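Enquirer: Below you will find the structure I want to go over with you.
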Amino acid sequence: MVTPAMTTLTFNQRLSGTATELLKKLKELHNELKNLPQETTDTASLSSVTKQLIDPSLMRHKDRGVKIYVSCCIADLLRLYAPDAPYNPKHLREIFELFIEQLRSLSFMTSPYYSMYYYLLESLSAVKSIVLLTELKNAEPLVNNLFRDIFDAVRPEQSKNIQICMSELLQHVIAESAQLPQDSVDLILAQFLPKRQADNLAAYRLACDIGNQCADQLQRPVFQYFSDVISTSGKQDLSTKEMDDLKTVHQLIVEVMKGAPGLLLSVVPQLEEELKMSDVAIRQLATETLGKMFAEKTSQLHKQYESTWKTWLSRRNDRMPQIRVAWVESLTSILKSHGDLSKELCDCLLEKVIDTEEKVRATTCRVVGELDYEASLHHVTKGVLEQIGHRCKDKKKSVSQEAIKALSVLYNQAYPEIENGTRRSLSHFGWMASALFHAIYSNDPDIIASVDSAVYTTIFPANGSATVRTQRLVTVFGSLDARGRTGFLSVIKRSVELRSPLKVYLELCSQLAEMTKSGEDTEDAQKRVGSIIKILSARLSDPTKSSLVLYKFAEANDSRMINLAKSCIDSRRNLEGIRTALQETRQRINNIVPSASELFDLLLQRASFILINKETMTELIDNVANNDATRDVSGDLLRTISVVLPALFKDHLEPMVGLLNDPESLGVSDSLFTLAEFTKQYPKSLPSNLSAKETLFHFLQTGTPLQARHAAIVAAGFPDGEDLCTRVLEDALRHLKADSNYLLRSLTILSQLALYAPQVYETKSDAISSFIVKTLLMTNVPNLDVQYDPNGDWVDKTELDQNSLSKIMGLKVLVNRAIVHANNERLAAEIARPLLKLLWTILSQEGEISRNTDTSNVVKSHMRLAAARSALKLTRCRPTYEKMVTVSEYVRLALTMQDSVYQVRQSFAGRITKYLRAQELHIRYLAVLALAAHEPEAELRVSIRSFLVKQSKSQAYDKTLMLNELTLARVIHLVASHPDFAIEPPEEADTSASGPSSRPAPTTAMTGHQHTSEQLNQALAYIDFYLEAMANAENVSLHYYIATLLKTVRCAQLQDSSENVYVLSDLTQWRIQERCRAHAWTLSSYPGQVKLPRELFVPLTKSDVSAEIAKRTYLPESWIRERTQRAAGRARASAASTSASGSGQEKSKRTAIASMGQASKRRDAESEDEDEDENGRENEEEEEESSGEDDKKRQSSLRRKRASKAPVKPKRVKRVKKTEEPVRRMASRAAKAKSIGYKDESDEEEDELTEEE
């Protein structure tokens, strides 16, 4: 084998001289050394320079060039001598100190010797001569310095090769170190801190590279590092510094997870242990940390550490709310990064969205709202989103706000796909707009404000052209269900209602500013401003705060700001002008009155025409005329707008009337409706159009009753329409025959002519009334096409036969005529008295008015409802007719609340609540709602109770009215007059009341008779129903005083009911005392005076009789004793239950979680019932327990009837056969409820927000 020739070093100069000379020699030496081959160089020829180079005069030379060239030459020697170093440990230490010092200069990229620094780095890395450092004794300081200087020297702008060499250099040291110094580990981990990352991103990348490449070697020291800090978490009462350090370490763990997850394999179990610690702060910190770690896109931690994953999942049910909140907050990133976990996490989300803690529910809603479109579509189930929809009506403001915001944001993200008709997006997100508008039904001012904000900013963002915005308006409106459309209508209605007082406010502010500027006296102006502020603030969620803001705005006296605000609500502006005005106003308010910015954003958004304006109307009308795809929805939208905003049509009457020119046009029905609504508000304002009039007459002759109705209104709207109306009237009269096929349409036309063309109608009014009363109502015309089930008692109105519908419409004709003449005292009495008599006859005869008494039960039900609603409509805002309703007639009307047919009760109650809410009905009808106490349909009962609660709050601020409190006296009178509260004969009554010696001699006020326990229990239900909704700590003393006052009066008309009133007075006083004890209310003496309703009560004239009544106890002692004993028994049972639950706190976690879930469901159900308190359920149970054996049978019967209700609306409903005359029972009669929903599609009076006069 031939041995290759050895290469020798030819350099033989002495390394000395000046710095310049020395540098020249070193360069020459370096150039030769770097080119010598490692394998064939004769190392003996290197001995001279090897010794010279470690001379202190060279290694410590002041010249930087000399030192770097010396370093490079020594590095070359180490390469040539490898694997054995030519130096002893002492010299090696000095050499590596020099090397490390030179490597530090890598940060000076402009240095003339930068290439030599890079050469040194590359040589140490490539030859791995740096590993000699690890063989030295006490090398830790050198290693630490090396790591520190490298991390300090690395820069983002350095070449990739330099950064690679640095990484490899440090990796060699780590790989060859038996144990890397902890300080070096600390240096590596420190680069992961967010602040370090921001300061030097290259150092962070270097640390990540080292961590990933040397994970096996670094796991143990990294574990030790974190263990040293985390171990302090087991201490009690951590100091602030220790807690801050702990937070920093957990933050560092998260950052290491992002950059070098392999380093944490031994750390994760430590975090799992922290999840189980008793310290809340530690558990929360661990929950947050692991949540962020699981969220990493590249992480499979949930698979690698299943135990940790399950433990972390269990923290969602931690007993501390802040930990549950922290757990939920982690889900946003996890769902975005790990779709495979969505099913498991969505099951957890369903629990948290109904959590008992408000913050948890709010956070859950916020987290879902933070998801992007793709994540929410693919990784969140529809069930979770629907639960978020339910939270829009949550009683807690923070929850409802977050839920509304989440739904609106998700809907906005999905809108492009919804508009395109993407099936999955429609299913997943399309319902959200309806859910938002459903939240308005809560009647909570905060919720309504949140919905309005979402509508104006997110559902309908301000950007986009008029065409684009109108298309979005049509798309959203088309996706709404019936309740959603009604909610949308209420948004528009609020805008209209707010606009007028806001205009007045701004005008007064303008006047005040001018007067202030000119130095005039502003006292009167300030009072006027104060009055309008009171009106405006009452429409907002926080009246007190809103008032202060409105005062600040007014006091600013800035005319420019006021004029800008005025321009926002100018209907003449186009869309771009409104947008500009809103933006400029917002900026001006921010500069002048910053505290008013938020409130005026809401006010101006609501009151402006940004949502619906004149350009929107133009686009919608064009859609109806020319766009087949959006014609129907655009027509519906025009109809909706016309109900509350008919003024917008003033500039569009010509095209709307023009749509009537062609009777075959598809948009003509919508045009009819819209023009009819406009005509109601602006009579005689339509432009004359001969062709349109002919089209109207065509619909009046051949159209449906609904089309004829609208056409009749429009016909009356033309300035020269009297001739047309006369022609229409004469044509209608031709069909006033009981057997006419066109009778219903003719009566529909007459009902509108009576309202809108009374001067024409009155020419034939007597003949029309005579036909309706003497012929139509008295005759049943058989219809072979419509057969009713003989045992049924209800069908939908659309399924009634024409003769029955005509009878209902006939009543409407009579009522409308009376409405028109309500202000004419003579005509009003002449028209209304026989009409009211007719209505009472229909009610008293259970809807039967035919001479042959052969009316179907189905038709009689509809007739009873029509009569009751007609009576309400007559008395609505019409004192003349209200005074005509006597007390006995009022009682008879009130008993409709306990009609045997559910649909009658439901519609009647709905009409009362609607009128009362609008303050259009006498307050005495509030007492009628108390008769719902025995309503077997829970939904209706809860709805009425919620209305009563809101009614109580609505007038709570006005202590002088006492209208709600006086309703108690009306309720008592109504119950006292109830047929079921008639006094039993003495021999059948309970004789234990007060004993014989305590009973005064019988008088006209005291018959000596007593009521049965069942009667008292049933009557108590009415009292409870009223008190639960209306009584509170502030007014309970007044209620008690009113109850006692009833024993100083007698009934004004119904003499036989006086003793009933005294019984109910005692019963009410007893119940109020019981409630005060239960709620810890103070029952003090009421200091004021109260006047009872004069039409119901008159003072007792004989003082001795009055004294006897006041002293006597009308409640049987046995009944009181029985109630007291049962109450005590329930109290003991409740105490035992509480004790048992307290001793069971150590049960398994699974049991605790299940209990919490049940509590969540109960809370969730309660949140849907406005202002429901806990005592309602207790009182309901008390009623059921206290009714005796007869009452138990009755309740059992009720339950069987409820259980047997058909879940789906049947076409025909079976009716229980009556074996005797109908008798109204407080509970048993109402138990005959059916589950069909009543909806009159052809009658606009069914609309909740509009009412035809």
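Going by UniProt numbering, the sequence shown opens with residue 1, and the numbers climb by one from there.
Cβ coordinates follow ideal geometry from the N, Cα and C atoms, glycine included.
The structure presented is a predicted model; accordingly, all values stated were derived computationally and were not measured.
With three or more C-beta pairs closer than 8 Å as the rule, is the segment 846-858 touching the segment 871-882?
Expert: At 8 Å Cβ cutoff, the stretches do not touch.
Enquirer: Inspect the CB distances between the segment 575-593 and the segment 549-556 and report whether three or more fall short of 8 Å.
Expert: Result yes; three or more Cβ-Cβ pairs closer than 8 Å.
Enquirer: Using DSSP with H/G/I as helix, E/B as strand and the rest coil, what is residue 616?
Expert: Within the sequence shown, numbered from 1, the residue matching residue 616 stands at position 616. In this structure, residue 616 counts as helix in the three-state DSSP scheme.
Enquirer: Where residue 546 and residue 454 are concerned, what is the direct C-alpha to C-alpha distance, given to the nearest angstrom?
Expert: As a position in the sequence shown, residue 546 is number 546, starting the count at 1. As a position in the sequence shown, residue 454 is number 454, starting the count at 1. Computed Cα separation, rounded: 20 Å.
Enquirer: Can you give me the Cβ contacts of residue 1168 inside the same chain, cut-off strictly under 8 Å, excluding the 5 residues immediately before and after it?
Expert: Counting from one through the sequence shown, the residue named residue 1168 turns up at place 1168. Summary for residue 1168: the model assigns pLDDT 41, below 50, so the residue's position carries little reliability; its value from the coordinates is reported in the next sentence. Excluding positions up to five away in sequence, the list reads 390 and 393.
Enquirer: Excluding the 5 residues flanking residue 1084 on each side, which residues of the same chain have their C-beta closer than 8 Å to its C-beta?
Expert: Sequence index remark: in the sequence shown, residue 1084 carries index 1084 (1-based). So the list reads 1037, once near-sequence residues are dropped.
Enquirer: For the alpha helix (DSSP H) holding residue 1319, just list the boundary residues, first then last.
Expert: No statement about residue 1319 is possible, as the shown extent of the chain runs from 1 to 1253 and does not include it.
Enquirer: Just how far apart, CA to CA, sit residue 636 and residue 489?
Expert: Taking the first residue of the sequence shown as position 1, residue 636 is located at position 636. Taking the first residue of the sequence shown as position 1, residue 489 is located at position 489. C-alpha separation (whole angstroms): 11 Å.
Enquirer: Apply the 10 Å Cβ neighbour rule to residue 518 and answer buried if 16 or more other Cβ atoms are within range, or exposed otherwise.
Expert: The residue you call residue 518 lines up with position 518 of the sequence shown. Exposed is the call here.
Enquirer: Restricting to Cα atoms, I'd like to know which of 579, 136, 586 and 188 is closest to residue 611.
Expert: Sequence index remark: in the sequence shown, residue 611 carries index 611 (1-based). Closest by alpha carbon: 579.
Enquirer: Is the Cβ-Cβ distance between residue 749 and residue 716 less than 8 Å?
Expert: For the purposes of this step, residue 749 is identified with residue 749 of the sequence shown, where counting begins at 1. For the purposes of this step, residue 716 is identified with residue 716 of the sequence shown, where counting begins at 1. No, Cβ-Cβ distance for residue 749 and residue 716 is not below 8 Å.
Enquirer: Going by DSSP, which residues form a beta bridge with residue 1097?
Expert: The residue labelled residue 1097 in the question sits at position 1097 within the sequence shown. Answer by DSSP bridge pairing, in chain order: 1051.
Enquirer: Where does residue 1033 land, buried or exposed, given buried means 16+ other C-beta within 10 angstroms?
Expert: The residue given as residue 1033 occupies position 1033 in the sequence shown. When all chains shown are included, residue 1033 counts as exposed.
Enquirer: To the nearest angstrom, report how far apart residue 825 and residue 832 are at their CA atoms.
Expert: Working through the sequence shown from its first residue, we reach residue 825 at position 825. Working through the sequence shown from its first residue, we reach residue 832 at position 832. Rounded to the nearest angstrom, the two C-alpha atoms are 10 Å apart.
Enquirer: Using 8 Å as the threshold, is the segment 86-96 in touch with the segment 24-35, meaning 3 or more CB pairs across them?
Expert: Verdict: no, contact absent.
Enquirer: Which residues does DSSP list as the beta-bridge partners of residue 41?
Expert: For the purposes of this step, residue 41 is taken as residue 41 along the sequence shown, with counting starting at 1. Answer by DSSP bridge pairing, in chain order: 7.
Enquirer: By the three-class DSSP mapping on this structure, what secondary structure does residue 54 have?
Expert: Here residue 54 corresponds to residue number 54 of the sequence shown, with the count starting at 1. Three-state result, residue 54: coil.
Enquirer: Take every Cβ of the segment 861-868, pair it with every Cβ of the segment 836-845, and state whether three or more of those distances are shorter than 8 Å.
Expert: Yes: the two stretches touch, three or more of their Cβ pairs being nearer than 8 Å.
Enquirer: Tell me, to the nearest whole angstrom, how far the beta carbon of residue 210 is from that of residue 172; I am working on the premise that it is less than 8 Å.
Expert: Sequence index remark: in the sequence shown, residue 210 carries index 210 (1-based). Sequence index remark: in the sequence shown, residue 172 carries index 172 (1-based). Between residue 172 and residue 210 the Cβ distance is about 11 Å, and since that is not below 8 Å, they are no contact.
Enquirer: Residues in the same chain with beta-carbon distance under 6 Å from residue 12, minus the five sequence neighbours each way, listed in chain order, please.
Expert: By 1-based counting over the sequence shown, the position of residue 12 is 12. Around residue 12: no qualifying Cβ.
Enquirer: Measure the beta-carbon distance from residue 192 to residue 255 and round it to whole angstroms, keeping in mind my assumption that it falls under 8 Å.
Expert: Counting from one through the sequence shown, the residue named residue 192 turns up at place 192. Counting from one through the sequence shown, the residue named residue 255 turns up at place 255. Yes, residue 192 and residue 255 are in contact; Cβ-Cβ is about 4 Å, under 8 Å.
Enquirer: The alpha helix (DSSP H) with residue 467 in it runs from where to where?
Expert: Here residue 467 refers to the residue found at position 467 of the sequence shown. Start and end: 466-479.
Enquirer: Measure from the alpha carbon of residue 613 to the alpha carbon of each residue in 1119, 653, 571 and 629, then state which is nearest.
Expert: Translated into the one-based positions of the sequence shown, residue 613 becomes position 613. Of the candidates 1119, 653, 571 and 629, the one whose C-alpha sits nearest the C-alpha of residue 613 is 571.
Enquirer: Label residue 898 either buried or exposed according to how many other C-beta atoms from any shown protein chain fall within 10 Å of its C-beta, with 16 as the threshold for buried.
Expert: For the purposes of this step, residue 898 is identified with residue 898 of the sequence shown, where counting begins at 1. Answer is buried; the Cβ neighbour count reaches 16.
Enquirer: What span of residues does the alpha helix (DSSP H) with residue 920 cover, start to end?
Expert: Taking the sequence shown and counting its residues from 1, the one referred to as residue 920 is at position 920. It is not in any alpha helix (DSSP H) - residue 920 carries neither H nor E in the DSSP assignment.
Enquirer: So which of 835, 607 and 673 has the shortest CA-CA distance to residue 495?
Expert: Looking up residue 495 in the sequence shown gives position 495. Ranking 835, 607 and 673 by Cα distance to residue 495 puts 607 first.
Enquirer: For residue 63, which residues from the same chain have a beta carbon less than 6 Å from its beta carbon, with the 5 sequence-adjacent residues on both sides left out?
Expert: As a first step, residue 63 is located in the sequence shown; it is residue number 63 there, counting from the start. The residues are 19.
Enquirer: In terms of residue numbering, what span does the alpha helix (DSSP H) encompassing residue 634 cover?
Expert: Locating residue 634 in the sequence shown gives position 634, counting from the first residue. Its alpha helix (DSSP H) spans residues 631-644.
Enquirer: Please list the segments of the alpha helix (DSSP H) lying wholly inside the segment 706-792, counting only runs of 4 or more residues, in order along the chain.
Expert: For the segment 706-792, whole alpha helix (DSSP H) runs of length 4 or above, ordered along the chain, are 722-733, 743-756, 758-761 and 765-770.
Enquirer: From residue 507 to residue 609, what does the alpha carbon distance come to, in whole angstroms?
Expert: Your numbering for residue 507 matches position 507 in the sequence shown. Your numbering for residue 609 matches position 609 in the sequence shown. Going from the Cα of residue 507 to the Cα of residue 609 covers about 18 Å.
Enquirer: Checking 8 Å against the spacing of the C-beta atoms, do residue 479 and residue 434 come in under that value?
Expert: Residue 479 sits at position 479 when you count from the first residue of the sequence shown. Residue 434 sits at position 434 when you count from the first residue of the sequence shown. Yes. Within cutoff.
Enquirer: Could you give the uninterrupted runs of the alpha helix (DSSP H) lying entirely in the segment 313-400, keeping only those of 4 residues or more?
Expert: Segments of the alpha helix (DSSP H) lying fully in the segment 313-400: 321-329, 331-337, 342-352, 358-369, 373-379 and 382-391.
Enquirer: In this structure, does DSSP put residue 210 in helix, strand or coil?
Expert: In the sequence shown, counting from the first residue as 1, residue 210 sits at position 210. Here residue 210 sits in helix by DSSP.
Enquirer: Tell me which same chain residues have a C-beta within less than 6 Å of the C-beta of residue 616, skipping the five on either side of it?
Expert: Counting from one through the sequence shown, the residue named residue 616 turns up at place 616. Counting only Cβ-Cβ distances below 6 Å, and skipping sequence neighbours, we find 470.
Enquirer: Put residue 561 into one of helix, strand or coil per three-state DSSP.
Expert: Looking up residue 561 in the sequence shown gives position 561. Of the three classes helix, strand and coil, the one that applies to residue 561 here is helix, per DSSP.
Enquirer: For residue 216, does the three-state DSSP call read helix, strand or coil?
Expert: If you number the sequence shown from 1, residue 216 lands on position 216. Residue 216: helix per DSSP, three-state reduction.
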